[in-house]
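**Q** Here it is, the structure, as structure tokens.
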Amino acid sequence: MNQGTRELLTLQIGPYANYVGTHFWNAQDIDAPDGTTGILNHNVLFQAGETQKGEGTLTPRLIVVDAKENLGYLSSAATLYHDQEQDEITPAWSGNVNAIRQPRAPKHAYIHDLDVDEQQDTLPTVAQQTAVYNFEQTVHAWPDYLRLYLHPKSLGGGVLPRNTRLDWFHQASDVWQQTDALDTLLDDELRWFAEGCDHLQGFQVMTDVLNGYGGYASKLLSELRDEYGKTPMLVFGVSSPKEAEQTDMARHRRAVNAGSSVAALSSLATTYVPLCIPTDSRRPSYMLPPHPSHYATSALLAMGIDAVTMNLRTTNLSDIAALINQREINNIASLDIALPFLASGQHQSWEAVAETLARPGTFTPLLPKYVPSVRSVSYAHASVFCSGQPSVLPMSTSARGDVSGNIDALNGLIRHSLVRASQCLDVNVACLPELYRFPVTFPNLLARHQTLCKSLKNADPPDARQDALVARLHASTEVADTLEDLCARLRSTASRSTAAAFGVDRDDYDETLQAVVGAWEAYRSDTADGMEA
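With UniProt numbering, letter number 122 in the sequence shown gets 122, and the count goes up by one each step, no holes.
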């Protein structure tokens, strides 16, 4: 392992979180044998392993929590050291046995082809794969498009029995006890990953928050707090925008679960980031997924997570959580993206870059926001990642005319522009010269929109798989809109009555509401001290 590596242990909790996580892992380029790609150190996220052929590979340092029926062709034993299709149960009893096995889900054609030939250069081109596999119509479970091997311990105690009921946040307590998660998930698998680290930097968590998996995450994080003390936890609470079939009762349930998750997870996390594709009319065209499936809608969230955590994988590691949470009451953050950042096929002046950074609407927050913001947006601290833009700037703007000079100059420009435009007190910036590359399994969102295709370097739309991207993670008053809407939903008589009818304790409900109101007041722009440090 590279000297100086500070590892992250990732947790994915819930069906939608695993769709997001699959896109996240597919975006990692781990072709380099030592786990480094340019200035990125993938050993932060991965650990060394071997395939069944004895070949070296990297596997995610990952714990998965999901119900067994959501694993598709996977079983509780991952594919790195175990061929599930040849798996046979050998009974300890010598008498007659009538074996009743659940039929296995078939492997997706993409996974089958990866198994047949793991040499990527023999696979079809990007355009051919997109046309043949048609992921948007054929993906039925997140393992259908997971291109990486998992370690067997990634799919252990977190695999819940079939038909596990986790509709409500409070149901997680019973599931936690019934599955004996403390012994298997924590004391075995999770401890095994942690003890294999040279220096555990912290935990990166993606969790569902609109169902009972948010409650399961709060149980797990509470145990981690007891075991690992103040070790940083960066928690992404992901919400699916798929609402077409929702009844009034389902909407009230989602509001109660969202409130319970915000209250519990923000109190446990070092930084808590609520994530959802925005539903208001201001969202750009690339946020209109071509298909309302979990596969299509989760990809954009994964791209945002990948981008804002990129500086945790550089040679100069920084603590995002410490930057965002300068004040203890402001640990709920907003993740914003700008894509495409500027026209990648044209040279841009520094003035154009600065103007774009400062222009309202350049960044779109990935917040579950139900009402358009009427507040002036301000924030105190931000972590910003930029991919690709230096390569299209005129080389003469650099002192020596080299790429490294452009990166340094862009780094300073981003910091200066955001501080000036938003009265930001501190900005941590990480820049990479390469354009952000979308993996083959990623929905081809950009190529579907004429206005965006014009800015892509590749002329052929099916090959338009890269562009300049800027993403930022910051403590912003934009969070107040999400929290205010959530407060209104929790205060409604209908939500309270629905929660009571399904066994939610009244005192617990009132405590949740009080916690969400407190968080909202901390982010209101007219609150005393505002977002000042």
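Every residue gets a Cβ at the ideal spot worked out from N, C-alpha and C, and that includes glycine.
From a predicted model like this one, the values you see are computed outputs, not experimental measurements.
Using a Cβ-Cβ cutoff of less than 7 Å, which residues in the same chain neighbour Leu200 once the five nearest sequence positions on both sides are dropped?
**A** So the list reads Glu7, Leu9, Ala194 and Thr231, once near-sequence residues are dropped.
**Q** For chain B, find out if any of its Cβ atoms is closer than 8 Å to the Cβ of Ser387; answer yes or no.
**A** The structure shown contains no chain B; it holds only a single protein chain.
**Q** Given Phe502, which residues of its chain have a CB within under 7 Å of its CB, disregarding the five upstream and five downstream residues?
**A** Once the five neighbours on either side are set aside, the close Cβ partners of Phe502 are Trp168.
**Q** From the DSSP secondary-structure annotation, give me the bridge partner or partners of Leu200.
**A** Answer by DSSP bridge pairing, in chain order: Glu7.
**Q** When the Cα of Arg496 is compared with those of Tyr509, Ala515 and Val64, which residue comes out closest?
**A** When each option's Cα is compared against that of Arg496, the closest is Tyr509.
**Q** Just list the residues that DSSP pairs Asp144 with in beta bridges.
**A** In the DSSP output, where bridge partners are listed per residue, Asp144 has none listed.
**Q** I'd like the span of the beta strand (DSSP E) that includes Ser334, first residue to last.
**A** Per DSSP, Ser334 belongs to the beta strand (DSSP E) from Ser334 to Ala338.
**Q** Counting beta carbon pairs with one atom in the stretch 201–208 and one in the stretch 150–160, are three or more of them shorter than 8 Å?
**A** Verdict: no, contact absent.
**Q** Pull the bridge partners of Tyr436 from the DSSP assignment, please.
**A** Answer is Asp467, bridged to Tyr436.
**Q** Check whether the Cβ atoms of Leu366 and Gly304 lie closer than 8 Å to each other.
**A** In this structure, Gly304 lies closer than 8 Å to Leu366 by Cβ.
**Q** Quick check: the Cα distance between Asp306 and Gln171, rounded to an integer number of angstroms?
**A** Those two C-alpha atoms are separated by around 31 Å.
**Q** Strictly by DSSP, which residues pair up with His23?
**A** Per DSSP, none; premise fails for His23.
**Q** What is the DSSP secondary structure of Glu55, reduced to helix, strand or coil?
**A** Three-state result, Glu55: coil.
**Q** Give the straight-line distance between the Cα atoms of Val132 and Ser173, rounded to the nearest whole angstrom.
**A** Whole-angstrom Cα-Cα distance: 44 Å.
**Q** Roughly how many angstroms lie between the CA atoms of Asn43 and Asn311, to the nearest whole one?
**A** Going from the Cα of Asn43 to the Cα of Asn311 covers about 13 Å.
**Q** Just confirm the distance between the C-beta atoms of Val308 and Arg472, as a whole number of angstroms; I'd bet it's less than 8 Å.
**A** Confirmed, Cβ separation roughly 7 Å.
**Q** What is the rounded straight-line gap between the Cα of Ser240 and the Cα of Cys276?
**A** Approximately 6 Å between the Cα atoms of the pair.
**Q** Taking all protein chains shown into account, do 16 or more other C-beta atoms lie within 10 angstroms of the C-beta of residue 554, making it buried, or fewer, making it exposed?
**A** Outside the displayed range of the chain (1 to 533) lies residue 554, so it cannot be described from this structure.
**Q** So what does DSSP say about Leu210, is it helix, strand or coil?
**A** Leu210 falls in the coil class under three-state DSSP.
**Q** For the ligand SAM, is there any heavy atom lying closer than 7 Å to the beta carbon of Glu355?
**A** Ligands in the displayed structure: none, and consequently the ligand SAM is not present.
**Q** According to DSSP, which residues form a beta bridge with Met249?
**A** Met249 pairs with nothing; no bridge assigned.
**Q** In this structure, what does DSSP give as the bridge partners for Arg472?
**A** Paired residues: Asp336 and Val384.
**Q** Roughly how many whole angstroms lie between the Cα atoms of Ala17 and Ala430?
**A** Going from the Cα of Ala17 to the Cα of Ala430 covers about 26 Å.
**Q** Count the other CB atoms, across all protein chains shown, that sit within 10 Å of the CB of Arg491; report buried if there are 16 or more and exposed otherwise.
**A** Exposed, since its Cβ has fewer than 16 Cβ neighbours within 10 Å.
**Q** How long is the line joining the alpha carbons of Ser222 and Ala522, rounded to whole angstroms?
**A** Each residue's Cα considered, the two are about 23 Å apart.
**Q** Considering just the uninterrupted stretch of the beta strand (DSSP E) at Tyr73, what are its terminal residues?
**A** Run containing Tyr73: none; DSSP gives neither H nor E here.
**Q** Tell whether a beta-carbon distance below 8 Å holds between Glu136 and Pro439.
**A** Not a contact, by the Cβ cut-off of 8 Å.
**Q** Name the residue from Ala67, Thr5, Tyr19 and Lys68 whose alpha carbon lies nearest to the alpha carbon of Asn41.
**A** Cα-wise, what sits closest to Asn41 is Thr5.
**Q** Give a yes or no on whether the C-beta atoms belonging to Asn26 and Thr441 are separated by under 8 Å.
**A** Closer than 8 Å, so yes.
**Q** Taking the C-alpha atoms as reference points, what is the distance between Gly212 and Val353?
**A** Cα to Cα, the separation comes out at about 44 Å.
**Q** Determine the DSSP secondary structure at Leu220, reduced to helix, strand or coil.
**A** Three-state result, Leu220: helix.
**Q** Can you look up Cys487 in the DSSP assignment and give me helix, strand or coil?
**A** Helix, per DSSP.
**Q** Rounding to the nearest angstrom, what Cα-Cα distance links Val65 and Glu355 in this structure?
**A** Their Cα atoms are separated by approximately 44 Å.
**Q** Jot down the residue ranges of each uninterrupted beta strand (DSSP E) in the stretch 252–282, minimum 3 residues, whole runs only, in chain order.
**A** Segments of the beta strand (DSSP E) lying fully in the stretch 252–282: 271–275.
**Q** Looking at the secondary structure, which residues open and close the beta strand (DSSP E) in which Gly157 lies?
**A** Careful: Gly157 lies outside any beta strand (DSSP E) and carries neither H nor E.
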